[in-house]
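Taken in sequence, the protein lines are chains Z and P. Per the working numbering, numbering of the first sequence is gapless, rising by one per residue and ending at 478. Per the working numbering, numbering of the second sequence is gapless, rising by one per residue and ending at 996. Glycine included, every Cβ here is placed at the ideal spot set by N, Cα and C. Note that the structure is a prediction, hence the values are computed from the model and not measured.
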Amino acid sequence: MTLEVCVMALGVVLMLADFWLPAERKKFAGYLAVVALAGLLVVSLSGYGTCSLSGTAFNGMFVEDGLAVFFKRFFIVAAILVLFMAVEFSDRIAGGVSEYYSLIVFALSGMLFAASANDFTMLFVSIELITITFYILTSFQRGRLVSLEAGVKYLILGALSSSFMVFGIALVWGTTGKLNFNELAAVAAQFETNKIFLLGVLFILVGLGFKIAAFPFQIWAPDVYQGAPTPTTAFLAVGSKAAGFVLLLRVLFTAVPTVTAHWMNLLIVISAITILYGNLCALPQRNLKRLLGYSSIAHAGYLLLGVAALTASGQSALLYYLAGYLFTVTAAFTVICLVTRHLDNDDVSALAGLNRRSPLLAATMTLAMASLAGIPPLAGFFGKFLLLKAVIEQGPAHPGYYCLAFTAVAGVVISFYYYFGVIRAIYWSKNVADVSPIVLSGPIKIAICVCIAGMFWLGLVPNTAFNLAVQAASALSR
Amino acid sequence: MTTSILTYILGIPLLAAVLLVFVPGNYRVIIRAIALAATFVPMVLAIKMFCQFAAVHTGYQFEQQITWVESLGMSYHVGVDGLNVGLVLMGTIVAFAAACCSWEIQTREKEFYILLLVMTGGILGAFASLDLFFFYAFHEFALIPTFIMIGVWGRGERKNYATFQITIYLSIGALLALLGLIALYLQSGAHTFDIPALVTYIGAHPLAAKSQHFIFPLLLFGFGILVSLWPFHSWAPLGYGAAPAPTAMLHAGVLKKFGLYGLIRVALPLMPQAAQSWMQILAWLCLGNILYVGWVAMKQKDLNLLIGNSSVAHMGFIFLGIASLNLIGVTGAVLVMIAHGFLAALTFALSGYIYQKTGTLQISELGGLCRPLKFIGVAMVMAAMAGCGLPGFANFVGEVSVFFGAWQAPALRVVTVLAVWGALIIGAVYMTRAIRNVLHGPVPEKWSKLADATDVWRKLPYALLLVSLLAFGFFPSLLTEKIVPDVKLIVQMANPVSEKPGVVAVTDIRNPKSEISN
């Protein structure tokens, strides 16, 4: 709990700092937040007292286990990288930079709670904490119409999905009388044939499907990704999606494992359609952020492979893939954020000649795209390999898994086209409009190097991270 | 364990690629020098390794193993036996020749050399790896630069279409093979990606017939697409036609052999029952390569498309050798793999030279080139002769062994007879016709002043490849004495004795060496 309290306190401090900091220094409050979060990360890694591996709090609502610790570290790293990006982005934000930072930190606290949620109340509260801060973060560029439009779209669809979820929770509670995941798991088997109970679980999944942007709840993703300020988009793509996945894992495998086992086909179909939808729709995109929006849908599909496999190896593969996705996607959005600083749009053509303007950014974007496409020796390749392995492992149990593996492979082949398109735009564009060099500040270079190191670390020396993922996933099958 | 020479062979190009990233793009001479050195040193090391390789005993030499992901049974494991020692040697020679031929690239040289070195390191890694994961990952690592090189430095109007097609075909092929390899890992139950360990384990606990019949086709067609097995071959002529010469040399010569190597190394010994039943089908498909694609090659009007088609046709012989599932046939297949590596590299290098000088490869526009281009012309004639399978070139040895081997498999007799036709008649027709139209006859006015390769540097790659072809043609025992012991083991595993006693001719071969090298 200390971690969450500290993060909340940090958010408040950032807000208060706004009163005393002179206007021209406000931008640098972001680094304060980065330093504080980095400190918390180091403390959590060294394991001083705060993270006892099997504690629960608030009558079991809040659980601190391997999975929670894994995700908490994940979220803190994501928030640090996003804050670096936000500092670079600050000149494009009209009002209240400090508020922007503190909202990111509040969203982070919501994610930390989500990582530990072991109760439907906790699940709902953490989801709302994340989503409501994101409504504001999305429409933070008040002067830009697209940003406002994105905010409104996210608000409407988010509210709709939240209402589904709260209705689902009510139905589950109404039929079983339980809200705690462990208690529910003990009685869920009796309600397996209860239609109202099943409907409740389904509604909860609808809400979570919205968070991870899985088909058929993916409609919002491209618009919001395109319109939102770039750091918000990055945090949405990484943090919010991961929060959705940790809750999905908890609900499916801790709360209602018996129901999940029956829904194998549903999960397979959703995963397959999400992969195909994301990849096919990304093909014609010219706007970078929109393209990454569709690609994030496709990646939700790949991640769902790990869920659909219903095994510990699938879950650990999912965690591993998420870790790779974190570094890859943040790297891509950081580059976009820096390149489009003086531009109105985020068209792919903005990248033209990037290798001459800034070789580091060009290399970063190339590596990010290659990792998303799943090319060795980067993180994406090993992650996809693990996911495919988990799915094929289940093949003998159900032939649907083989079809799913083939669909995933088809998706990968399709995705080569648009990822390479981005790389081609960087190095081989015909008409380069702008050749002025891009100046990078020291801190953002650090952030970029962390991302690159992360991609190579997870691709070249996967042993440590893989063991961590396996350990974390083992918390689900206690 | 000390660092294996193989680690240096595959590591040097990759390190040089990283080094090149930090060299400014306008230091052309330095970039080229680094690329040449980074392919030359591995070649020297590979020759040294080839000479040191002890042919007498089977098993892997120059091994090195570093645990990578323990819980999944993955390790960085390199080593060579008779099967891949020749392939690694061939790969390094072709890579050096390709780097030499890269003088034709005039734009964005830095990026080109980086990709070329990445591709080289990936290819050599794939052939040296004894771990299924690395085996695949290195191949994938080499494949991606191919696409980029064709897409960016390619030539012709249909460049984009060709890039698109080759990317889709090869990615699908590679990923199908990946599914097969993962399934193999999972269903073997050995919990290791290590090939020697898998072979030992499966030797003791054979795979269930059902899994064999599921996995084998995945590997056969996955690898088959990568090797342009008919009817999945259409990417090859187009892709090679559009590719810059060094890329075509490396891909057609070396990278393409990955699929064949995978079939022999992984699919045959681990899934013998499925192999037995699928080999009939493979034999008939390979006729598609030999006869149909040979026929298509006869119709070509573009020199590069002709060479591309002939390269696809040659793959048919290798498939036939594999389908025979006996010692002579599979040994022959390995020989053709190596010989064709040199040959394909040589022909694409030569056609690249001609294109560089004339700007066209339309056969009807060329003619009489032997007069202005004396060295290139002679090299071209020799390459064509090698392509027809004339004695004295390494191809002859391999193809003859393949036919001897295939004839010994009773079920393949009809196929063999038809294939010999393809080899002797069709191959000779398109090759000699190409020579007549391109090299002989009156010289059109515009070509009479073409500059030949005169200095040593320009001649080096062609000479190197020709010498290799001739050396292994005159002294095939250099290869066979290394290949035979290991292929014997693989063939024994691929022919479970309890299944069909006496059908296959493993025991009939009394002295394979003398028979192959005549």
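Expected contact under 8 Å - CB spacing of residue i and residue j to nearest Å
i, j, result
"Ser436 of chain Z", "Arg341 of chain Z", "Contact flag wrong, Cβ pair sits at about 11 Å."
"Phe881 of chain P", "Val898 of chain P", "6 Å"
"Leu602 of chain P", "Val566 of chain P", "6 Å"
"Ala972 of chain P", "Leu741 of chain P", "So it is not a contact: roughly 10 Å between Cβ atoms."
"Ser649 of chain P", "Phe416 of chain Z", "6 Å"
"Gln542 of chain P", "Thr485 of chain P", "6 Å"
"Ala524 of chain P", "Leu595 of chain P", "No, Ala524 of chain P and Leu595 of chain P are not in contact; Cβ-Cβ is about 16 Å, not under 8 Å."
"Gly151 of chain Z", "Gly207 of chain Z", "At roughly 19 Å, the Cβ-Cβ gap does not stay under 8 Å, so Gly151 of chain Z and Gly207 of chain Z are not in contact."
"Lys779 of chain P", "Gln834 of chain P", "Their Cβ separation, rounded to whole angstroms, is 20 Å, which puts Lys779 of chain P and Gln834 of chain P out of contact at 8 Å."
"Cys848 of chain P", "His918 of chain P", "6 Å"
"Ala640 of chain P", "Leu716 of chain P", "4 Å"
"Leu608 of chain P", "His555 of chain P", "4 Å"
As assigned by DSSP and simplified to three states, the class of residue i
i, result
"Phe456 of chain Z", "helix"
"Asn355 of chain Z", "helix"
"Gly55 of chain Z", "strand"
"Glu635 of chain P", "coil"
"Asn989 of chain P", "A caution first: Asn989 of chain P carries a pLDDT of 45, below 50, which makes its placement in the model too unreliable to give a value."
"Asp91 of chain Z", "helix"
"Val63 of chain Z", "strand"
"Ser607 of chain P", "strand"
"Asp346 of chain Z", "coil"
"Asn431 of chain Z", "coil"
"Asn287 of chain Z", "strand"
"Phe466 of chain Z", "helix"
"Ala887 of chain P", "coil"
"Thr334 of chain Z", "helix"
"Val982 of chain P", "Only weak support exists for where Val982 of chain P lies, its pLDDT of 43 falling under 50; the value from the coordinates is given anyway. Val982 of chain P falls in the coil class under three-state DSSP."
"Leu21 of chain Z", "coil"
"Ile622 of chain P", "helix"
"Ile903 of chain P", "helix"
"Asp964 of chain P", "helix"
C-beta contact flag for residue i and residue j at 8 Å
i, j, result
"Val677 of chain P", "Pro747 of chain P", "yes"
"Ala912 of chain P", "Ala827 of chain P", "no"
"Ser371 of chain Z", "Thr328 of chain Z", "yes"
"Phe203 of chain Z", "Phe164 of chain Z", "yes"
"Val962 of chain P", "Gly560 of chain P", "yes"
"Ile212 of chain Z", "Gly244 of chain Z", "yes"
"Phe692 of chain P", "Ala661 of chain P", "yes"
"Ser109 of chain Z", "Ala117 of chain Z", "no"
"Ala300 of chain Z", "Lys389 of chain Z", "no"
"Phe333 of chain Z", "Ala234 of chain Z", "yes"
"Ala79 of chain Z", "Val97 of chain Z", "no"
"Val166 of chain Z", "Phe197 of chain Z", "no"
"Lys588 of chain P", "Val496 of chain P", "no"
"Leu760 of chain P", "Ala801 of chain P", "yes"
"Ala615 of chain P", "Phe420 of chain Z", "no"
"Ala308 of chain Z", "Leu404 of chain Z", "yes"
Contact set between residue i and chain C, taken where Cβ atoms lie within less than 8 Å
i, result
"Glu393 of chain Z", "The question asks about chain C, but that chain is absent: this structure's protein chains are Z and P."
Members of the stretch 541 to 555 of chain P near chain Z, C-beta cut-off 7 Å: Trp546, Val547, Glu548 and Ser549
Continuous alpha helix (DSSP H) assignments of at least 4 residues falling wholly in the stretch 110 to 197 of chain Z: 120 to 138, 145 to 176 and 181 to 188
Ranges of the alpha helix (DSSP H) found wholly within the stretch 502 to 587 of chain P, counting only runs of at least 4: 506 to 530 and 560 to 579
Start-end ranges of the alpha helix (DSSP H) lying completely within the stretch 767 to 855 of chain P, minimum 4 residues: 772 to 776, 781 to 802 and 805 to 836
In chain order, each alpha helix (DSSP H) run of at least 4 residues that lies wholly inside the stretch 672 to 754 of chain P: 673 to 682, 687 to 704, 713 to 720, 723 to 728 and 735 to 740
Residues of the stretch 612 to 635 of chain P with Cβ closer than 8 Å to any Cβ of chain Z, in chain order: Ala615, Phe616, Glu618, Phe619, Ile622, Phe625, Ile626, Gly629 and Val630
Residues from the stretch 359 to 387 of chain Z in contact with chain P, defined by Cβ distance under 8 Å: Ala363, Ala370, Ile375, Pro376, Pro377, Phe381 and Phe385
Within 7 Å of chain Z by C-beta, residues of the stretch 698 to 730 of chain P in sequence order: none
Cβ-based contacts, 8 Å cut-off: residues of the stretch 646 to 667 of chain P near chain Z: Ile646, Ser649, Ile650, Leu653, Leu654, Leu656, Leu657, Ile660, Ala661, Tyr663, Leu664 and Gln665
Contact set between the stretch 577 to 591 of chain P and chain Z, restricted to residues whose Cβ is under 9 Å from the partner: Arg586 and Glu589
Length at least 4, wholly inside the stretch 219 to 266 of chain Z: the alpha helix (DSSP H) runs in chain order: 220 to 227, 230 to 235, 241 to 249 and 257 to 262
Contained beta strand (DSSP E) runs [length at least 3] in the stretch 386 to 444 of chain Z, N- to C-terminal order: none
Short-range partners of chain P found in the stretch 436 to 459 of chain Z, where Cβ spacing is below 7 Å: none
The stretch 273 to 287 of chain Z: positions lying closer than 7 Å to chain P by Cβ: none
Members of the stretch 396 to 407 of chain Z that neighbour chain P once the beta carbon cut-off is set at 9 Å: Pro396, Tyr402, Ala405 and Phe406
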